[in-house]
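For the sequence shown, position 359 matches number 359 in the UniProt record's numbering, and the numbering has no gaps at all. Note that beta-carbon positions come from the ideal geometry of N, C-alpha and C, so glycine has one too. All figures in this text were calculated on a predicted structure; none of them were measured in a lab. Following: one structure in structure tokens, then a few remarks.
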Amino acid sequence: MSHLKTHHKEVHDKILQDLESRKDPKPAEKLKPSILNGVKMSGRALQVHCIRLVSQHGLSFKSLDYAALQAILRPMIEAMPASERVTISSRSIPPKICDMASAIRAKIMGELDGKMVSIKVDGCSKNSRYFLGTNVQYILSGKIVIRTLAVEELFISTTAANFKARICHILKMYRIPIKNVVSFTSDNGANYILACKLMDEDSEDSCCDSPWADAEIELLHDEFHIQSIRCAAHTLELSIGDARKENFEIKPLLDKVRKLANFLKNETNVRQLKENEKSLPTTDVVTRWGSTYDMLASVSKLRNFTEISLNVSNKDRSQYFLDDDEWDALDSTLDDLLPARQATTQLQHQNLTLGDFYAVWMELQMKLEKKKTPLSTSLVKAMTERSRSVNYRDARKGERLPALFHSPSFNSAVFLDPRYFSLLSPEQISDAKAYLCELWARVQKARGVAVEPEPEETVDEPEELDSEDSSLFEQLLASKNKGRFPDGEVAAANKNTIRALLDEYDRTTKPLPRKTDVLEYWEKRRRVSPELHELALIVLAIPATEVSVERLFSSLKFILRPQRFNLQGSNVDHILVLHANSELVKEYANEVMVLEKLPNPERSSSSSSASSCSSGSL
Numbered sequence: 001m002s003h004l005k006t007h008h009k010e011v012h013d014k015i016l017q018d019l020e021s022r023k024d025p026k027p028a029e030k031l032k033p034s035i036l037n038g039v040k041m042s043g044r045a046l047q048v049h050c051i052r053l054v055s056q057h058g059l060s061f062k063s064l065d066y067a068a069l070q071a072i073l074r075p076m077i078e079a080m081p082a083s084e085r086v087t088i089s090s091r092s093i094p095p096k097i098c099d100m101a102s103a104i105r106a107k108i109m110g111e112l113d114g115k116m117v118s119i120k121v122d123g124c125s126k127n128s129r130y131f132l133g134t135n136v137q138y139i140l141s142g143k144i145v146i147r148t149l150a151v152e153e154l155f156i157s158t159t160a161a162n163f164k165a166r167i168c169h170i171l172k173m174y175r176i177p178i179k180n181v182v183s184f185t186s187d188n189g190a191n192y193i194l195a196c197k198l199m200d201e202d203s204e205d206s207c208c209d210s211p212w213a214d215a216e217i218e219l220l221h222d223e224f225h226i227q228s229i230r231c232a233a234h235t236l237e238l239s240i241g242d243a244r245k246e247n248f249e250i251k252p253l254l255d256k257v258r259k260l261a262n263f264l265k266n267e268t269n270v271r272q273l274k275e276n277e278k279s280l281p282t283t284d285v286v287t288r289w290g291s292t293y294d295m296l297a298s299v300s301k302l303r304n305f306t307e308i309s310l311n312v313s314n315k316d317r318s319q320y321f322l323d324d325d326e327w328d329a330l331d332s333t334l335d336d337l338l339p340a341r342q343a344t345t346q347l348q349h350q351n352l353t354l355g356d357f358y359a360v361w362m363e364l365q366m367k368l369e370k371k372k373t374p375l376s377t378s379l380v381k382a383m384t385e386r387s388r389s390v391n392y393r394d395a396r397k398g399e400r401l402p403a404l405f406h407s408p409s410f411n412s413a414v415f416l417d418p419r420y421f422s423l424l425s426p427e428q429i430s431d432a433k434a435y436l437c438e439l440w441a442r443v444q445k446a447r448g449v450a451v452e453p454e455p456e457e458t459v460d461e462p463e464e465l466d467s468e469d470s471s472l473f474e475q476l477l478a479s480k481n482k483g484r485f486p487d488g489e490v491a492a493a494n495k496n497t498i499r500a501l502l503d504e505y506d507r508t509t510k511p512l513p514r515k516t517d518v519l520e521y522w523e524k525r526r527r528v529s530p531e532l533h534e535l536a537l538i539v540l541a542i543p544a545t546e547v548s549v550e551r552l553f554s555s556l557k558f559i560l561r562p563q564r565f566n567l568q569g570s571n572v573d574h575i576l577v578l579h580a581n582s583e584l585v586k587e588y589a590n591e592v593m594v595l596e597k598l599p600n601p602e603r604s605s606s607s608s609s610a611s612s613c614s615s616g617s618l
């Protein structure tokens, strides 16, 4: 190189430049780890959000031990003061779930304090484990609120008496007196309906201690009773099942469509459907007719594709495909059942009142009557039959199934709903007024406003004639006053007052358009008519369905996955209470964050006595 540099400078420079270009680039500088400052997260808040990961987002406890998650959490924990540091693991979080669930239950208890409420109950069996779900429904700040009270695993037989015992236990846990329960909504299961009757009538086999037993006994001697409400959505589903059985030609059609749907979902056909940008057909759950309708609709949309474009063998075509008559029958069935499918969707709304349910039911019947097809006629007939009450064979036992309509609570809810009160007959209006008067008396009694019997006058032995004469006059005056307002007439006057308000409402209230928000209407009348406003909030909160409990059991499938199936029943209950009451959980998490921002003058003095990281309370 020195020779080239001395005698051939141009060649040397060119070679040197070429060598420089071939050299490896300079190694990248090592990134220095950033220091995490100003973390707006306390140890307590971090625990709360990790609990939310498990209870609301479905993470398993073991996922808290994942190295990647620990790598995310470690910098935050290390940036905290020593007294704030916590341990996040599959061992430290489960005990905290119980504490947080207790905090959420305390919030629910605060909301329920002194309220007249409606409860919804249903059961679910999952791989030999049986759970009883209980929801409570009421109106708060002008909105219908649903809270999950419990999802208890039962290890006893599913009899009405056992259901009653567990429901009473749950009510006692939330300090809800039985006399504050207005209605009991369940599916058409005989055990649940009988459990409601036992709660209302049976005082000897009481599952509750005093004063809960006293509440049950008092209920027996009261004219006000817990109203048993059958789930409207479930009743409609049973009606559709009855109509399908009556039209026996539908079953072979459903079986063939189901067979075709499964055939179209094999690997070869799925590839062809995706290549042609077609949606895959759905398969149904036999016990859910809505999913059956969706399956029929999904297959119907693929008629042209299956007949023209789908490449299958002649053997498969003859074995699985529908002929023209069957395709036409499928379209006719879909047309007949479309109003019922739309009604089912409407009945699943959370803010559904009994008045809304009545309107949906009547509108469905009118649409079906207009069609005049065998299936629609059968469905109208089945709906009419299913809506009636059913008595026991032994007439002395009374009703086995309550009527879907025209119960006192139903009449009252429709009467206080100006959108639909014109649908009631004079007899129903009279029944509604009587029920609302009894309900108002119950509300007053729950508040302790009920009039107590007047104590007997005790007169001291007079010492002088003047005082004796004065005492006699006082007795005369008291007797005259008592004659003017005899015992029991105070309560009657109270009822007469509320009756007068109901009569005035009946005479002067104008019907509202159907799309009006009836809850907002009554909120505007809070100051004008506080008594009727309070009654309206109670009866309008009576649920027409127990769909929310079924959704709760859908969450149970999400929480109790195969990987987590061995979760203890108590942990399942705690997790589902947090999962279902997500609104309260978010509120609780925000409260924790706010509390942690407040200065704590005792922190420095108490840090030495603080509990260990893994056992700190929430």
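Sort out for me which residues DSSP pairs residue i with in a bridge.
i	result
residue 160	Answer is none; residue 160 lacks a bridge partner.
residue 140	143
residue 675	No answer is possible for residue 675: it lies beyond the span of the chain, which begins at 1 and ends at 618.
residue 399	391
residue 236	Partner(s): none; residue 236 has no beta bridge.
residue 181	117
Mind checking which residues open and close the beta strand (DSSP E) that includes residue i?
i	result
residue 152	143–154
residue 120	117–126
For residue i and residue j, I'd like the C-alpha separation in whole angstroms.
i	j	result
residue 126	residue 227	30 angstroms
residue 579	residue 108	14 angstroms
residue 549	residue 352	15 angstroms
residue 519	residue 499	22 angstroms
residue 428	residue 250	39 angstroms
residue 6	residue 13	11 angstroms
residue 372	residue 325	20 angstroms
residue 196	residue 164	7 angstroms
residue 169	residue 138	20 angstroms
residue 284	residue 237	14 angstroms
residue 200	residue 322	54 angstroms
residue 114	residue 338	43 angstroms
residue 534	residue 261	52 angstroms
residue 366	residue 403	20 angstroms
residue 193	residue 401	7 angstroms
residue 278	residue 387	41 angstroms
residue 541	residue 117	8 angstroms
residue 302	residue 333	16 angstroms
residue 147	residue 430	33 angstroms
residue 304	residue 276	12 angstroms
residue 410	residue 157	32 angstroms
residue 42	residue 124	39 angstroms
residue 575	residue 503	48 angstroms
For the alpha helix (DSSP H) holding residue i, just list the boundary residues, first then last.
i	result
residue 256	250–264
residue 345	324–346
residue 436	426–446
residue 314	314–320
residue 231	Careful: residue 231 lies outside any alpha helix (DSSP H) and carries neither H nor E.
residue 88	Note, residue 88: premise wrong, no alpha helix (DSSP H); not H, not E.
residue 357	354–371
residue 387	374–387
residue 275	267–275
residue 351	From DSSP, residue 351 is part of no alpha helix (DSSP H); its letter is neither H nor E.
Which whole-angstrom value is the C-beta distance of residue i and residue j, which I expect to be below 8 angstroms?
i	j	result
residue 414	residue 354	6 angstroms
residue 154	residue 130	5 angstroms
residue 369	residue 380	6 angstroms
residue 592	residue 48	5 angstroms
residue 51	residue 73	Between residue 73 and residue 51 the Cβ distance is about 14 angstroms, and since that is not below 8 angstroms, they are no contact.
residue 247	residue 446	Rounded, the Cβ-Cβ distance is 50 angstroms, inconsistent with contact.
residue 525	residue 419	Going by Cβ atoms, the distance from residue 525 to residue 419 rounds to 14 angstroms, so no, they are not a contact pair.
residue 399	residue 389	5 angstroms
residue 53	residue 46	Residue 53 to residue 46, Cβ: 11 angstroms. No contact.
residue 151	residue 552	7 angstroms
When burial is assigned at 16 or more other CB atoms within 10 Å of the CB, is residue i buried or exposed?
i	result
residue 319	exposed
residue 140	exposed
residue 560	buried
residue 287	exposed
residue 536	buried
residue 57	exposed
residue 184	buried
residue 539	buried
Is there a Cβ from chain C that is less than 8 angstroms from the Cβ of residue i?
i	result
residue 384	This model lacks chain C altogether, as it is built from one protein chain only.
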